[in-house]
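Q: Please read through the structure below; I'll follow up with questions.
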Amino acid sequence: MTLGSHQERKHRVGTVTDIPGRIYRASTLGSTRGLSVDGEDMQPDLPKLPVPDLDKTLQRYLEAIQPILTPVQYERAEKLTHELAENEGPELQNELTERQMKMQNWAYEWWLNDMYMNNPLSLPINSNPGGVWPPQHFPSVDDQLLFAAKLVTYMLDFKDILDRRELPVEKAASREPGQPLCMAQHYRLFTSYRVPSIPRDFRRDTSQLSPDHIIVAYKKHFFTCPIKTAERRLTTPEIYGQLKKIVLSETCNNETPIGILTSQKRPVWADERIKLLGDDVNKQSIEEIETCYFIVCLDDPLPGQHFNSPYNQKKRNVGRHWTNDRDETNMMHQMLHGGGSSFNTGNRWFDKTLQFVISSDGVVGLCYEHSSAEGIGVLNLVDEFYGNIGTSEKHNANGDVVDSENKPIDIPAPIKLEWTTPPDTKSAVREACTEIDGLIDSLDLMVYRFENYGKDFIKKCKVSPDVYLQLALQLAYFNLHGKMVATYESGSTRRYKLGRVDCIRSTTMEALDWVKSMQPGCTDDSMEKMRKFHHAVEKQTTVMVENILGEGIDVHLMGLRQQSIDMGKDIPKLFDDETFQIANHFSLSTSQLPTKQDQFMGYGAVVQDGYGASYNPQNSSIIFCLASFRTCSYTSTLKFGQSLQQSLELMKKVLE
1 MTLGSHQERK HRVGTVTDIP GRIYRASTLG STRGLSVDGE DMQPDLPKLP VPDLDKTLQR
61 YLEAIQPILT PVQYERAEKL THELAENEGP ELQNELTERQ MKMQNWAYEW WLNDMYMNNP
121 LSLPINSNPG GVWPPQHFPS VDDQLLFAAK LVTYMLDFKD ILDRRELPVE KAASREPGQP
181 LCMAQHYRLF TSYRVPSIPR DFRRDTSQLS PDHIIVAYKK HFFTCPIKTA ERRLTTPEIY
241 GQLKKIVLSE TCNNETPIGI LTSQKRPVWA DERIKLLGDD VNKQSIEEIE TCYFIVCLDD
301 PLPGQHFNSP YNQKKRNVGR HWTNDRDETN MMHQMLHGGG SSFNTGNRWF DKTLQFVISS
361 DGVVGLCYEH SSAEGIGVLN LVDEFYGNIG TSEKHNANGD VVDSENKPID IPAPIKLEWT
421 TPPDTKSAVR EACTEIDGLI DSLDLMVYRF ENYGKDFIKK CKVSPDVYLQ LALQLAYFNL
481 HGKMVATYES GSTRRYKLGR VDCIRSTTME ALDWVKSMQP GCTDDSMEKM RKFHHAVEKQ
541 TTVMVENILG EGIDVHLMGL RQQSIDMGKD IPKLFDDETF QIANHFSLST SQLPTKQDQF
601 MGYGAVVQDG YGASYNPQNS SIIFCLASFR TCSYTSTLKF GQSLQQSLEL MKKVLE
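Everything in the sequence shown is counted per the UniProt record's numbering, starting at 1 for the first residue and increasing by one.
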């Protein structure tokens, strides 16, 4: 099968698009740091993120860290907090208030850099989440490609809605229900690219470029796949035809998989990218990838014996939660990192916001770059895709999708991206293979379904499922490790312009009091345990509400610290103290990711001696994705999962 010429698309590189008031350079080869879709105020009526009261933030900070510090450490933190309140704090607070008045969101740029762009770690496992969708049945490669074509069509339909600015505004469901939520994240999904750079990464906005292609990864090669012509967008059968051309054109894996360089630590990949850009062929290939709408990864399956969870081997249930010999832990490995250099990691480009993964055995999902959007928006998009797949298509007698309403057009063929790979590039690829394989080997991952009860029972207890599960995680950690640790749960601040998240801290003195009452040696009776549980619930609910209403502590403290840096002042002693480091060493990194469909999302731990724990409460079950690192002898994902199950069972016994 003959593909198009690589030179046909050379016109894209470095073109200039004239936008009223500004000139946008279409290539990242020039400076694009100032380009941002956030510059468009699509929801002018949304309120700005407030700057919380300084005294309240500092008091809440002390309350949050007391359960995780020794008395001596807490006394020092208290002293340093009071010094900040008495000395630098008021001036820094005034400056933040001035900043809040001038900007759409006073914290957004600082937060983005602090959370993502300054992080030098590799994206897979450490930053990019993976999502596993309901498995499909692909009897042949044609079925795989047809599913991929339907997915591409749906995503392009959604992109058209965004382009017309017709996406319905989501509304808050609780705590001032009906309040509109910021939709900016959705508009970044198809127009963002995370560029590796030194001293920090930056986000490239491609919203003004109007690209006409997606990228397809197959056999560790990348193909630019046109999905538009001058006349119209391609139909599902035509997209299927494009994918078929790609599959028929390539039978061997790429021996120098350039994509695996994107799995390297960010400064390393930044250096290698600069070297690649020195060659015109590489420069054009990188431009094609950076400006595409999204990437479709046509994968080979991962072997069951290497990536399945040992925990699941004891209770194998072929069917609902398995695909052939692969369990859900195996599927999550494929989405998080691809399986390593011997499998699909070279079939990825981790900088791109959306990578849809479609394995030939029916395992499907995505890997997404986190700096542009939170997981819940991506999951909602997938929910809608599965709810609508196939509903708008016409089929012939054989069940094939047909197209009878569009006139035939000349469709540009897909083009295989070429690379110039001198010896130093090949050496860099080999080094990247070694690095990512080591990281994957260290990942201790387990997808675990708790099936004794779900959110229906929790709601009968008149408790928020999220609050309940946060307390369950605290109990599980305490039962296993004998202490509380700093815990991160993302709390949405989308009620405000350009709002993303703040940190809901689940470690409270009320939770600690309850957790201790649940220990075997405690003499508290069931009524006392119940009373302490509801006190913990009340406190956790208060902390959650403070965060979603813009009164969280972590973004505010980050702002105070960054403001002192921007003013050229000495950083307040609190922020350099050991107690502040302990408070921000998140040994539990958690998030609730509820869905309509039977899908789930996961990620790695954010510290070497910690756990990643995402959860999706279903009506009668709860899906957990748990992760830690084998390089740490202190943690064990299996033991944490077992402790979590015991904790959930114990909580039900007390509450019934």
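Yeah, the Cβ is synthetic: ideal placement off N, Cα and C, and Gly gets one too.
Which whole-angstrom value is the C-beta distance of SER360 and GLN144, which I expect to be below 8 angstroms?
A: Right, the Cβ-Cβ distance comes to about 5 angstroms (below 8 angstroms), so this counts as a contact.
Q: Determine the direct distance from the alpha carbon of VAL467 to that of LEU638, and round the result to whole angstroms.
A: Just so you know, the alpha carbons of LEU638 and VAL467 end up roughly 23 angstroms apart.
Q: Given a cut-off of 8 angstroms, decide if GLY131 and residue 662 are closer than it, judged by their beta-carbon atoms.
A: A question about residue 662 goes unanswered here, because the residues of the chain that appear run from 1 up to 656.
Q: Which residues mark the beginning and the end of the alpha helix (DSSP H) in which GLY576 is found?
A: It is Asp, not Gly, that sits at residue 576 in the sequence shown. 573–576 is the extent of the alpha helix (DSSP H) around ASP576.
Q: Can you tell me where the beta strand (DSSP E) holding ALA230 begins and where it ends?
A: No beta strand (DSSP E) holds ALA230; DSSP gives it neither H nor E.
Q: So ALA613 and THR590 are supposed to be a Cβ contact under 8 angstroms. How far apart are they, rounded?
A: 5 angstroms
Q: Can you give the Cα-Cα distance for HIS535 and VAL515, rounded to whole angstroms?
A: Rounded to the nearest angstrom, the two C-alpha atoms are 12 angstroms apart.
Q: Measure the alpha-carbon distance for SER492 versus LEU469 and round it to whole angstroms.
A: If you take the alpha carbons of SER492 and LEU469, they lie about 17 angstroms apart.
Q: Starting from the C-beta of GLY399, find all residues in its chain whose C-beta is less than 8 angstroms away, skip the five residues before and the five after it, and write them out in chain order.
A: Only weak support exists for where GLY399 lies, its pLDDT of 47 falling under 50; the coordinates are left without a value.
Q: Would you call ALA230 buried or exposed, if buried means 16 or more other Cβ atoms sit within 10 Å of its Cβ?
A: exposed
Q: So if DSSP puts HIS213 in a beta bridge, which residue, or which two residues, is it bridged to?
A: Within the DSSP secondary-structure output, HIS213 pairs in a beta bridge with PRO226.
Q: Measure from the alpha carbon of PRO50 to the alpha carbon of each residue in LEU557, LYS573, LEU549, GLN562, then state which is nearest.
A: LEU549
Q: Going straight from the alpha carbon of LEU151 to that of VAL296, what length do you get?
A: 9 angstroms
Q: Do you know offhand how far ASP513's Cα is from GLY259's?
A: 50 angstroms
Q: Let me check understanding here. Comparing Cα to Cα, which of HIS186, ASP160, PHE147, ARG449 lies closest to LEU379?
A: Measuring from the Cα of LEU379, the nearest candidate turns out to be HIS186.
Q: Can GLN645 and PHE450 be called in contact, C-beta distance under 8 angstroms?
A: yes
Q: Indicate whether GLU578 and LEU417 have their beta-carbon atoms separated by less than 8 angstroms.
A: No, the Cβ-Cβ distance between GLU578 and LEU417 is not below 8 angstroms.
Q: Taking only heavy atoms of the ligand GTP into account, decide whether any of them is closer than 7 angstroms to the Cβ of MET331.
A: In the structure shown, the ligand GTP is absent, as is every other ligand, since no ligand is present at all.
Q: Which residues share a DSSP beta bridge with VAL364?
A: ILE358
Q: Determine the contact status of LYS210 and ARG203, defining contact as a CB-CB distance below 8 angstroms.
A: Reading off the sequence shown, one finds Ser at residue 210, where the question assumed Lys. Cβ distance not < 8 angstroms, so SER210 and ARG203 don't count as in contact.
Q: Measuring alpha carbon to alpha carbon, tell me which of VAL555, GLY610, GLU551, ASP201 ends up nearest HIS585.
A: GLY610
Q: Run through DSSP, which three-state label would ASN128 get?
A: Strand at ASN128.
Q: Using the C-alpha atoms, what's the distance from LYS573 back to GLN59?
A: 17 angstroms
Q: Contact defined as beta carbons within less than 8 angstroms: I believe ALA270 pairs with ILE376. What is the distance between those atoms, to the nearest angstrom?
A: Contact doesn't hold; Cβ gap of about 30 angstroms is too wide.
Q: Measure the alpha-carbon distance for VAL169 versus MET183 and round it to whole angstroms.
A: 7 angstroms
Q: Helix, strand or coil, according to DSSP, for SER517 in the structure here?
A: In the structure shown, the three-state DSSP call for SER517 is helix.
Q: Given a threshold of 16 other Cβ atoms within 10 Å of its Cβ, counted over all protein chains shown, does LYS352 qualify as buried or as exposed?
A: LYS352 should be labelled buried.
Q: Taking DSSP's pairing of strands, which residues face PHE533 in a bridge?
A: Beta-bridge pairing links PHE533 to no other residue.
Q: DSSP three-state label for ASN616, please.
A: Looking at ASN616 - three-state DSSP - the assignment turns out to be strand.
Q: What does a CB cutoff of less than 6 angstroms around GLU510 pick up in its chain, not counting 5 residues either side in sequence?
A: HIS535, ALA536, LYS539, listed in sequence order.
Q: What is the rounded straight-line gap between the Cα of ALA605 and the Cα of MET530?
A: 31 angstroms
Q: Taking one C-beta from the stretch 431–451 and one from the stretch 105–124 each time, how about it: are there three or more such pairs within less than 8 angstroms?
A: yes
Q: With distances taken from CA atoms, which of ASN253, ILE215, ALA148 is nearest ILE235?
A: With the sequence shown as reference, residue 235 is identified as Thr, and Ile is not the correct amino acid for it. Of the candidates ASN253, ILE215, ALA148, the one whose C-alpha sits nearest the C-alpha of THR235 is ALA148.
Q: Measure the C-alpha to C-alpha separation of ILE215 and PHE294 and round it to an integer number of angstroms.
A: 6 angstroms
Q: Based on the DSSP secondary-structure assignment, which residues constitute the bridge partners of ILE239?
A: Its beta-bridge partners do not exist; DSSP assigns none.
Q: Rank VAL247, PHE343, LEU560 by C-alpha distance to the C-alpha of LEU146 and give the top, closest one.
A: VAL247
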